[in-house]
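Protein chains: 2
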Amino acid sequence: MYIVVLGAAAGGGFPQWNTNSANCQRSRAGDPAARPQTQSSIAVSADGARWCLFNASPDLRQQIAENRQLHPRTGKRHSPIAAVVLTNGDVDHVAGLLNLRESQPLALYASGRVLRTLADNSIFNVLNPDFVARREFALDRPFAVTTRDGADIGLSVEAFAVPGKVALYLEDPGAGENFGTRAGDTVGLRIAERNSDTCFYYIPGCAAMTPALADRLRGAALVLFDGTLWTDDEMVAGGVGVKTGQRMGHISMSGPDGTMAAFAGLDVARRMFIHINNTNPVIVDDSPERAEVAAAGWEVARDGMEIEL
Amino acid sequence: MYIVVLGAAAGGGFPQWNTNSANCQRSRAGDPAARPQTQSSIAVSADGARWCLFNASPDLRQQIAENRQLHPRTGKRHSPIAAVVLTNGDVDHVAGLLNLRESQPLALYASGRVLRTLADNSIFNVLNPDFVARREFALDRPFAVTTRDGADIGLSVEAFAVPGKVALYLEDPGAGENFGTRAGDTVGLRIAERNSDTCFYYIPGCAAMTPALADRLRGAALVLFDGTLWTDDEMVAGGVGVKTGQRMGHISMSGPDGTMAAFAGLDVARRMFIHINNTNPVIVDDSPERAEVAAAGWEVARDGMEIEL
Numbered sequence: 000m001y002i003v004v005l006g007a008a009a010g011g012g013f014p015q016w017n018t019n020s021a022n023c024q025r026s027r028a029g030d031p032a033a034r035p036q037t038q039s040s041i042a043v044s045a046d047g048a049r050w051c052l053f054n055a056s057p058d059l060r061q062q063i064a065e066n067r068q069l070h071p072r073t074g075k076r077h078s079p080i081a082a083v084v085l086t087n088g089d090v091d092h093v094a095g096l097l098n099l100r101e102s103q104p105l106a107l108y109a110s111g112r113v114l115r116t117l118a119d120n121s122i123f124n125v126l127n128p129d130f131v132a133r134r135e136f137a138l139d140r141p142f143a144v145t146t147r148d149g150a151d152i153g154l155s156v157e158a159f160a161v162p163g164k165v166a167l168y169l170e171d172p173g174a175g176e177n178f179g180t181r182a183g184d185t186v187g188l189r190i191a192e193r194n195s196d197t198c199f200y201y202i203p204g205c206a207a208m209t210p211a212l213a214d215r216l217r218g219a220a221l222v223l224f225d226g227t228l229w230t231d232d233e234m235v236a237g238g239v240g241v242k243t244g245q246r247m248g249h250i251s252m253s254g255p256d257g258t259m260a261a262f263a264g265l266d267v268a269r270r271m272f273i274h275i276n277n278t279n280p281v282i283v284d285d286s287p288e289r290a291e292v293a294a295a296g297w298e299v300a301r302d303g304m305e306i307e308l
Numbered sequence: 000m001y002i003v004v005l006g007a008a009a010g011g012g013f014p015q016w017n018t019n020s021a022n023c024q025r026s027r028a029g030d031p032a033a034r035p036q037t038q039s040s041i042a043v044s045a046d047g048a049r050w051c052l053f054n055a056s057p058d059l060r061q062q063i064a065e066n067r068q069l070h071p072r073t074g075k076r077h078s079p080i081a082a083v084v085l086t087n088g089d090v091d092h093v094a095g096l097l098n099l100r101e102s103q104p105l106a107l108y109a110s111g112r113v114l115r116t117l118a119d120n121s122i123f124n125v126l127n128p129d130f131v132a133r134r135e136f137a138l139d140r141p142f143a144v145t146t147r148d149g150a151d152i153g154l155s156v157e158a159f160a161v162p163g164k165v166a167l168y169l170e171d172p173g174a175g176e177n178f179g180t181r182a183g184d185t186v187g188l189r190i191a192e193r194n195s196d197t198c199f200y201y202i203p204g205c206a207a208m209t210p211a212l213a214d215r216l217r218g219a220a221l222v223l224f225d226g227t228l229w230t231d232d233e234m235v236a237g238g239v240g241v242k243t244g245q246r247m248g249h250i251s252m253s254g255p256d257g258t259m260a261a262f263a264g265l266d267v268a269r270r271m272f273i274h275i276n277n278t279n280p281v282i283v284d285d286s287p288e289r290a291e292v293a294a295a296g297w298e299v300a301r302d303g304m305e306i307e308l
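Those protein sequence lines, which keep their order, are chains A and B.
Counting in numbering that gives the first Met the number 0, the first sequence runs from 0 upward without gaps.
Counting in numbering that gives the first Met the number 0, the second sequence runs from 0 upward without gaps.
See the structure below:
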């Protein structure tokens, strides 16, 4: 199974358009330790020919251009992208769908609630139903990823609810402290090669480690996990926001309730942070926090990184 | 007045994600005569400090990153982008708005019908109304562009209806051969320095030259005009589409009814094509069609091009 990190950064990317932090300045100045990162998405293939995108970031057009695996190969119109699976309705996970127009056959998988959001937003009608099949997945039920025309591409996906928050633009301020969030608004994914034991987990957004999630991940070969924040209050402390990580639906990397602590003892062979916010000091290669993450046995995803399982 | 071409290509950009044409292949291979071009948008400033975007393409995050004029300069959060003006509701002109989130003050100008489309699409709620003022413009009534807080940035804009077509995703198949298009669904813009005679026209989409439009443009210092297609049937003839230019709302460059013929005698000092489709042979520097355009006194916009008026 082949995995390509299309985008390693959280919403806004790195550098973020309106952020003037020291790290964003370093990135704009071309500092090799602060390389630009686009917004979070991965591509996965069982055969190296047909690919499934997991989330469609606003940077998708650039990501396709920069990754040769996703270039057209045959005929006049072609794309190796056969399918897209969405983990939630966040703008940084769905806006890229607007790039997948131009009458290209595609299968789009999401939860019923995310599909209804797409249906309610007429702009997504650029995905012509004659070419794009929208398919609802159920939680905790593995499904085979197939092309629009039903051909098996050799991948099996299982979606499961993780603690999170409904997409910002769908928040209901009158719905109390969870803003109308329902179970399944944010999912993690188990992505497997069909008829094989090869699998990994992709969880770009998660608000907390639960006992059920810990049980699920125990002993995994590879987990790509929410690396949005270093500490829960870093955006507030940095003077660039008013929301904590918990308010945004993201666990933090550090601290006794953080991700690194939560994974200790889970026996996950390869742990990789993805969906790194531009405020997280781990986004640059030479920070003490980056060294701390590495010392704890974690890798940090980077745009263009290729993984073979 | 300063103008920066953020994106010179039509919808899909160059190369287009799913197009395997000879020119797209050349572009992907790094051929310097087939340089990549992002989707159509320009930035304009009277003072070099505060900028107004004209259209917000899906490539806006990349365009901001690649043009230093649009980088933040002060404080922790900042953007030189003070306002956005939309010429229609096409996905390649509005999708980039989704990049302008993160609580940045902004003024957004569009026709009433385009603003209603944005309001009907909840995903645009990422533009928090506490920070982004949405303002309707009337046709044929010049307005001063001001910041969200009402500061004059030295630009005046007048929108006028041009022949065109309603956005693809809003087409009403039951509404006859114009798909429910109304006057003003596509506009041209006269962009002027306030209290000055310095002005130019930006018309990235236009289906035909009318006598009224010819009268308006006569004697202009600069016109940036719809350069989508070389011939009306090039997408059909090239086997990459079923629609003519007229079906898509675009006049062609060549031929007796084309743009170059229509501008002959209009005495426009500087004529520049923008919104070039990847099927248009003019997109590459070394085509005979490119030479023909140049011989007729036309320039072709390129990403990053800077113009001072």
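Backbone N, C-alpha and C define an ideal beta-carbon position, used for all residues, glycine too.
B/Arg-215 to B/Ala-261 span [Cα, whole Å]: 13 Å
Cβ of B/Gln-15 within 8 Å of any chain A Cβ: yes
Limits of the beta strand (DSSP E) - the one that A/Gly-187 falls within: 186 to 192
Chain B contact for A/His-249 (CB, 8 Å cutoff): Answer no: the Cβ-Cβ gap between A/His-249 and chain B never drops below 8 Å.
Beta-carbon proximity of B/Arg-269 to B/Ala-220, cut-off 8 Å: yes
A/Ser-78: contacting residues in chain B (beta-carbon distance under 8 Å): Trp-16 and Asn-17
Presumed contact (8 Å Cβ cut-off) between B/Tyr-108 and B/Phe-136, rounded CB distance: That belief holds up - the Cβ atoms of B/Tyr-108 and B/Phe-136 are roughly 5 Å apart, short of 8 Å.
At least 3 beta-carbon pairs within less than 8 Å: the stretch 28 to 40 of chain B vs the stretch 30 to 43 of chain A: The stretch 28 to 40 of chain B vs the stretch 30 to 43 of chain A: no contact.
Three CB pairs or more closer than 8 Å across the stretch 58 to 66 of chain A and the stretch 20 to 27 of chain A: no
Cα-Cα separation, B/Gly-183 to A/Gly-257: 53 Å
Inter-residue CB distance, A/Ile-275 and A/Thr-230 (contact presumed, cutoff 8 Å): Rounded, the Cβ-Cβ distance is 14 Å, inconsistent with contact.
Spatial distance of A/Trp-16 from B/His-92 (CA atoms): Roughly 18 Å between the two C-alpha positions.
C-beta neighbour in chain A for B/Arg-27, strict 8 Å: yes
Below-8 Å beta-carbon distance, A/Asp-129 vs any chain B residue: With a threshold of 8 Å between beta carbons, A/Asp-129 makes no contact with chain B.
Rounded Cβ spacing between A/Val-336 and A/Phe-272 (contact assumed at less than 8 Å): Nothing in the structure corresponds to residue 336 of chain A, since chain A is present only between 0 and 308.
Cβ-Cβ distance between A/Leu-97 and A/Ile-63 below 8 Å: No, the Cβ-Cβ distance between A/Leu-97 and A/Ile-63 is not below 8 Å.
Residue range of the unbroken alpha helix (DSSP H) whose run includes B/Phe-262: 258 to 262
Chain B within 8 Å of A/Val-43, Cβ atoms only: no
Coil, strand or helix - B/Cys-51 by DSSP: strand
Residue burial classification, A/Gly-12 (beta-carbon count within 10 angstroms, cutoff 16): buried
Outcome for A/Gly-10 when other beta-carbon atoms lying within 10 angstroms are tallied against a minimum of 16: buried
Cutoff 8 Å: B/Thr-73 Cβ touching any chain A Cβ: It does: the Cβ of B/Thr-73 has a partner Cβ on chain A nearer than 8 Å.
6 Å CB neighbourhood of B/Met-304 in its chain, flanking five on each side removed: Val-4
Those residues which DSSP pairs with B/Ile-250 across a bridge: Answer is none; B/Ile-250 lacks a bridge partner.
Top-ranked residue by Cα proximity to B/Ala-21, from B/Tyr-201, B/Asn-279, B/Asp-119 and B/Ala-293: B/Asn-279
Bounding residues of the beta strand (DSSP E) (the contiguous stretch that carries B/Thr-145): 142 to 145
Contacts of A/Ala-7 in chain B (Cβ-Cβ under 9 Å): Those within 9 Å of A/Ala-7 in chain B number zero; the least Cβ separation is about 15 Å.
Beta-carbon proximity list for B/Arg-193, same chain, < 8 Å, skipping 5 on both sides: These residues qualify, in order along the chain: Ala-45, Ala-143, Asp-151, Gly-153, Leu-154 and Ser-155.
Within 9 Å of chain A by C-beta, residues of the stretch 92 to 110 of chain B in sequence order: Val-93, Ala-94, Gly-95, Leu-97, Asn-98, Leu-99, Arg-100, Glu-101, Ser-102 and Gln-103
Same chain only: Cβ atoms within 8 Å of B/Glu-65, ignoring 5 sequence neighbours per side: Asp-302 and Gly-303
Below-8 Å beta-carbon distance, B/Asn-87 vs any chain A residue: no
Candidates A/Val-235, A/Trp-297 and A/Gly-204: closest to A/Leu-85 by CA position: When each option's Cα is compared against that of A/Leu-85, the closest is A/Gly-204.
Contact test: A/Gln-36 Cβ vs the ligand GTP heavy atom, cutoff 7 Å: Although the ligand GTP was asked about, the structure shown includes no ligands whatsoever.
Nearest residue (CA-CA) to B/Ala-48, options B/Pro-31, B/Ala-32 and B/Pro-71: Measuring from the Cα of B/Ala-48, the nearest candidate turns out to be B/Pro-71.
Sequence-distant residues of its chain with Cβ nearer than 7 Å to B/Tyr-168 (five each side left out): Val-90
Contacts that A/Gly-238 makes with chain B (C-beta to C-beta distance below 7 Å): Lys-75
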